[in-house]
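Comments concern the structure below.
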Amino acid sequence: MDTSRSAQDTDAGALEAAAAEEQRLWLLIADPHTPPTERVKAYAGWLRITGVLRELGAAPEYPKRPGSSA
Numbered sequence: 001m002d003t004s005r006s007a008q009d010t011d012a013g014a015l016e017a018a019a020a021e022e023q024r025l026w027l028l029i030a031d032p033h034t035p036p037t038e039r040v041k042a043y044a045g046w047l048r049i050t051g052v053l054r055e056l057g058a059a060p061e062y063p064k065r066p067g068s069s070a
């Protein structure tokens, strides 16, 4: 059994799961019908996941808001 291949598959699966969770949280934050307390919890979770993804070099890019600097 190729353990390096298995570890790579596990890492890829974990990255994919983290990216899916990041996207789910982002959609909760953006939804105007999400209650404020849930939005704060989602934002905290989103910050944690994006930090981990950024450390792994897999952080998503989001478009800048129109009129924002940077």
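Oh and the sequence shown: position 37 is 37 in UniProt numbering, straight run, nothing missing.
C-beta atoms are modelled at their ideal positions from N, C-alpha and C, and glycine is treated no differently.
Nothing here was measured: the structure is a model prediction, and the numbers come from that model.
Whole runs of the alpha helix (DSSP H) within the stretch 11 to 35, excluding any shorter than 4 residues
Unbroken alpha helix (DSSP H) stretches of 4 residues or longer found wholly inside the stretch 11 to 35: none.
CB contact flag (arginine 39, leucine 47, <8 Å):
On the sequence shown, position 39 is the one that residue 39 refers to. On the sequence shown, position 47 is the one that residue 47 refers to. No Cβ-Cβ contact shorter than 8 Å links arginine 39 with leucine 47.
Inter-residue spacing [alpha-carbon to alpha-carbon] between alanine 18 and proline 60:
Counting from 1 along the sequence shown, the entry for residue 18 is found at position 18. Counting from 1 along the sequence shown, the entry for residue 60 is found at position 60. Roughly 11 Å separates the two Cα atoms.
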